[in-house]
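Student:
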DNA sequence: AGTGAATTGTAGCATTGGCTACATTTGTGT
DNA sequence: ACACAAATGTAGCCAATGCTACAATTCACT
Ligand SMILES: [Mn+2]
Ligand SMILES: [Mn+2]
Ligand SMILES: [Mn+2]
Ligand SMILES: [Mn+2]
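Chains as they are written, first to last, in my numbering: chain Z, 1 to 147; chain F, 148 to 294.
See below:
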């Protein structure tokens, strides 16, 4: 009842079908918050694809109710898109911090996170969060040092 | 010079382009070792797709030199395919053991590993291996206990 | 206002990997 | 041997996502 399917490969394919949406809304959200707006060309540069690919994907995401835009205008997120972006960003950050915490170099952690994040389920995310909060303080802090 | 590209998303797409090959040769290798041969129907059941999809993918992997087969006959691996299978299985096992080690329930670990494995680079794999060998002994062992 | 560069959209093509329906081959069992 | 069931292949469809080439629009600057 929790996974989308009994077969692991079906789940992976379902994750991949969601992947583009997650990366795009996360990128739109970040750009809007950082530079005020998000243009097709910004997304193309960010994703490393042509503007044509972005344009078509934006259309699809608009049909799916995640994005709003008019021709030749910037791209914005719908409330639904914002929610997906918030979820994606949170998961992305947890995964990346986790990889850093186990000693993966920053550049490699950033790279691997971009793919790994979409396959991290609830249980795995919880395990990563738990690991992070456990190994949060290096050594000097003890429970008694709070007060 | 280590990653396939500067842009993380390009790397993810490159990983996805390799993903089918890795999962299929790993499956072929396992089946050959377990039940003596690997048929198209076995792969179809394992991957959760129709035999048609398997048949086309097997053709492509044969053109790529990973698989050998004749019409209506079982599927075998070429030496190149065996090497890729060995690499994939090793990485798969490390990732899965790692998820189990950080407390992910077995079923979820198996599921998430199927997707995550393809995005785990050298550094991340090394960090996971290191974590596994470090946290190998539950608690009683301390550095001084070696001698 | 007009012009030219930048941006975005459209047309058309390729690849991958899903599918159903149907054809062919294999092989089992009588 | 033959007939039928299982396995595999083929034809033809679809969706997603990559691309180049070209058309349309916007925008900044004179
Ligand atoms: Mn992300
Ligand atoms: Mn991503
Ligand atoms: Mn896999
Ligand atoms: Mn993936």
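For glycine and all other residues, C-beta sits at the position ideal for the given N, C-alpha and C.
Which residues in the same chain as residue 28 (chain Z) place their Cβ atom closer than 8 Å to its Cβ, once the five residues preceding and following it in sequence are excluded?
Tutor: So the qualifying residues of the chain are 38, 43, 67, 75, 76, 77, 81, 85.
Student: Would you kindly work out how many angstroms separate the C-alpha atoms of residue 257 (chain F) and residue 161 (chain F), rounded to a whole number?
Tutor: The straight-line gap from Cα to Cα measures roughly 23 Å.
Student: Nearest chain Z C-beta to residue 218 (chain F) closer than 8 Å, yes or no?
Tutor: Chain Z, which has no Cβ nearer than 8 Å to the Cβ of residue 218 (chain F), makes this no.
Student: Determine the contact status of residue 239 (chain F) and residue 260 (chain F), defining contact as a CB-CB distance below 8 Å.
Tutor: Yes, Cβ-Cβ distance for residue 239 (chain F) and residue 260 (chain F) is below 8 Å.
Student: Any heavy atom of ligand 1 closer than 7 Å to the beta-carbon of residue 114 (chain Z)?
Tutor: Yes, the Cβ of residue 114 (chain Z) comes within 7 Å of a heavy atom of ligand 1.
Student: Is it right to say residue 254 (chain F) is buried, meaning 16 or more other beta carbons lie within 10 angstroms of its own, or is it exposed?
Tutor: Exposed: under 16 other Cβ atoms inside 10 Å.
Student: Closer than 5 Å from C-beta to any heavy atom of ligand 1: which residues, in chain order?
Tutor: Those satisfying the condition are, in chain order, Z:26, Z:92.
Student: Who are the Cβ neighbours of residue 172 (chain Z) in its own chain at under 7 Å, not counting the five residues just before and after it?
Tutor: Any question about residue 172 (chain Z) goes unanswered here, given that chain Z covers just 1 to 147.
Student: If residue 187 (chain F) sits next to residue 205 (chain F), beta carbons under 8 Å apart, how far is it from one beta carbon to the other, in whole angstroms?
Tutor: Confirmed, about 7 Å.
Student: Which whole runs of the alpha helix (DSSP H) in the stretch 215-263 of chain F are 4 residues long or more, in chain order?
Tutor: The qualifying runs are 226-248, 253-263.
Student: What does residue 110 (chain Z) reach in chain F if we use C-beta pairs closer than 7 Å?
Tutor: What residue 110 (chain Z) touches in chain F: 155.
Student: Hey, out of F:270, F:252, F:263, F:280, whose CA is closest to residue 123 (chain Z)'s CA?
Tutor: The shortest Cα separation from residue 123 (chain Z) among F:270, F:252, F:263, F:280 belongs to F:252.
Student: Sorry if obvious, but does the Cβ on residue 265 (chain F) come closer than 7 Å to a heavy atom of ligand 2?
Tutor: No, ligand 2 has no heavy atom inside 7 Å of this Cβ.
Student: Looking at the unbroken alpha helix (DSSP H) that takes in residue 208 (chain F), where does it start and where does it end?
Tutor: Segment 198-210, the alpha helix (DSSP H) holding residue 208 (chain F).
Student: Identify the contact partners of residue 266 (chain F) in chain Z, using a Cβ-Cβ distance below 8 Å as the criterion.
Tutor: Under the 8 Å cutoff, chain Z gives 112, 114, 115, 116, 119.
Student: Please report the distance separating the alpha-carbon of residue 274 (chain F) from that of residue 248 (chain F).
Tutor: Near 13 Å, if we compare the C-alpha coordinates of residue 248 (chain F) and residue 274 (chain F).
Student: Of all the residues that make up the stretch 182-210 of chain F, which are near chain Z by a beta-carbon distance shorter than 7 Å?
Tutor: Within the stretch 182-210 of chain F, the residues whose Cβ lies closer than 7 Å to some Cβ of chain Z are 194, 195, listed in chain order.
Student: Comparing alpha-carbon positions, which option in Z:103, Z:116, Z:131 lies nearest residue 277 (chain F)?
Tutor: Considering only alpha carbons, the answer is Z:103.
Student: Could you confirm whether any beta carbon from chain F is found closer than 8 Å to the beta carbon of residue 65 (chain Z)?
Tutor: Output row for residue 65 (chain Z): interface = no.
Student: Does residue 26 (chain Z) come out as helix, strand or coil in the three-state DSSP assignment?
Tutor: Looking at residue 26 (chain Z) - three-state DSSP - the assignment turns out to be helix.
Student: Taking residue 226 (chain F) as the reference, which of F:220, F:219, F:234 has the closest Cα?
Tutor: Ranking F:220, F:219, F:234 by Cα distance to residue 226 (chain F) puts F:234 first.
Student: Would residue 177 (chain F) count as contacting chain Z if we go by Cβ distances under 8 Å?
Tutor: Not closer than 8 Å to any Cβ of chain Z, the Cβ of residue 177 (chain F) fails to qualify, so no.
Student: So does residue 170 (chain F) have its beta carbon nearer than 7 Å to some heavy atom of ligand 3?
Tutor: Yes, Cβ of residue 170 (chain F) sits closer than 7 Å to a heavy atom of ligand 3.
Student: Which residues mark the beginning and the end of the alpha helix (DSSP H) in which residue 40 (chain Z) is found?
Tutor: Here the alpha helix (DSSP H) through residue 40 (chain Z) covers 40-47.
Student: Identify the contact partners of residue 167 (chain F) in chain Z, using a Cβ-Cβ distance below 9 Å as the criterion.
Tutor: Going along chain Z, no residue has its Cβ under 9 Å from residue 167 (chain F), so there is no contact; the nearest lies around 10 Å.
Student: Write down the C-beta distance between residue 98 (chain Z) and residue 195 (chain F) rounded to the nearest angstrom, noting that I regard them as a contact closer than 8 Å.
Tutor: Contact flag wrong, Cβ pair sits at about 29 Å.
Student: Mind checking if residue 123 (chain Z) is an interface residue toward chain F, Cβ cutoff 8 Å exclusive?
Tutor: Yes, because at least one Cβ of chain F sits closer than 8 Å to the Cβ of residue 123 (chain Z).
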